[in-house]
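If you're matching positions, the sequence shown starts at 2 in the working numbering and goes up one per residue. Think of the CB as a built atom: it goes at the ideal place given N, C-alpha and C, for glycine as much as any other residue. None of the values given here were measured: they were computed from a predicted structure.
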Amino acid sequence: MSVTLSVVVPLYNEEEVIGESYRRLKAVLDGLGETYELIFVNDGSRDSTWALALALAEADPNLRLLSFSRNFGHQTAITAGMDAAAGDAVVVIDADLQDPPEVIPQMLAKWREGYQVVYGLRTKRVGESVFKRLTAKVFYRTLNALTEVHLPVDAGDFRLLDRAVCDTLKRMPERNRYVRGLVSWVGFRQTSVEFVRAERFAGVTKYPLSKMLRLAGDALTSFSYKPLKLSILIGSLVSAASFIYGIVIIFQRLFTSVMVSGWATLACLTLFFNGLILIMMGIIGQYVGRIYDETKGRPLYIVAEKINFD
Ligand code: UDP
Ligand code: MG
2 MSVTLSVVVP
12 LYNEEEVIGE
22 SYRRLKAVLD
32 GLGETYELIF
42 VNDGSRDSTW
52 ALALALAEAD
62 PNLRLLSFSR
72 NFGHQTAITA
82 GMDAAAGDAV
92 VVIDADLQDP
102 PEVIPQMLAK
112 WREGYQVVYG
122 LRTKRVGESV
132 FKRLTAKVFY
142 RTLNALTEVH
152 LPVDAGDFRL
162 LDRAVCDTLK
172 RMPERNRYVR
182 GLVSWVGFRQ
192 TSVEFVRAER
202 FAGVTKYPLS
212 KMLRLAGDAL
222 TSFSYKPLKL
232 SILIGSLVSA
242 ASFIYGIVII
252 FQRLFTSVMV
262 SGWATLACLT
272 LFFNGLILIM
282 MGIIGQYVGR
292 IYDETKGRPL
302 YIVAEKINFD
């Protein structure tokens, strides 16, 4: 069956928002006058999200459900949704209504104009903590400074993708995905629509600091080799400095009566540089670990249940 629009929604412990989210999405989608499918991807929720989704899908054949065997993470959930989507255009949107569904018609209009990627630009963030806003800002700007691909600042995963883009992404089965980066990387005709990022409708963020750091690490390692070059730079500087200092010591020994001393200095320097070396090894480790993930070739996600896909 062919549909024009697929809307992918990742859900992880969203029992408090799933009902309202479904209602708001439905209202917008029914008003479009297009054929559509709604794809809910249950990312191993441990609350009643899945039960609620099943109840909704029972009454609505346009609502398709995927359920993972466990929590695989937001980026994997939207990947699975995009893999399963049949639409000529695919929209990815969060379940918590921070991305307003009412923006979807604008995205669709841009798509009709011929754009193949329409991403949502957050002009304002309402009701998010100062910490979240600050870290997001620092993160996007650092990432842009370190990478060759241009990654739009203040854009999340709320976006519309043309079938061609979606099919291209399917051919990029890399693990530890930073999907919005991959979308920038593939190119095509891209544009944006602005929106105000609303407050979470209910519940709490499913992105604790650990997951945010993980995502930042994936983004950085996926799109930049600069951290790896850091050790070359620091190493060169240190070597140059020690060479100059060596000459100074020889000079002092031969031509002056200064006694070269300093056990404390030595201990301090040794500790400092051992620390530096370990940090650099850790950075290399981040890349090596991800290489290892790739070579294992495990499936990206495991779908335990599929509902309303024919
Ligand atoms: N999410 C998911 N798996 C996870 C974490 C989050 O599918 O492991 C979903 C979540 O249900 C929501 C979206 O990803 O639909 C964005 O998560 P959240 O709103 O908690 O992130 P924030 O907006 O706080 O960055
Ligand atoms: Mg959110």
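Item                                                                                        : Value
Any non-hydrogen atom of the ligand UDP closer than 7 Å to A146 Cβ                          : no
For E16, the three-state DSSP class (helix, strand or coil)                                 : coil
Closer than 7 Å to the ligand MG: residues, by C-beta to nearest heavy atom, in chain order : D95, D97, Q99, R201, T206
Pairwise C-alpha distance: D168 and T148                                                    : 24 Å
Reduced DSSP secondary structure (H/G/I, E/B, other) of P153                                : coil
Start and end residues, alpha helix (DSSP H) containing F256                                : 227-256
Cβ pair count under 8 Å reaching 3, the region 42-54 against the region 9-16                : yes
Among P209, V150, V93, nearest to G157 - alpha-carbon criterion                             : V93
Span separating the alpha-carbon of G204 from that of D95                                   : 13 Å
Rounded separation between A52 and E295 - CA only                                           : 34 Å
First and last residue of the uninterrupted alpha helix (DSSP H) at Q287                    : 264-297
Counterpart residues of Y37 in DSSP-defined beta bridges                                    : L6
Beta-carbon proximity list for T36, same chain, < 7 Å, skipping 5 on both sides             : V4, T5
P11 beta carbon near the ligand UDP (any heavy atom closer than 7 Å)                        : yes
Beta-carbon gap between I235 and L277 smaller than 8 Å                                      : yes
Residue ranges of each beta strand (DSSP E) within the region 48-86, 3 or longer            : 64-69
DSSP state of A90 mapped onto helix, strand, coil                                           : strand
Rounded C-alpha distance that separates L183 from L170                                      : 7 Å
Candidates R190, G218, N72: closest to E114 by CA position                                  : R190
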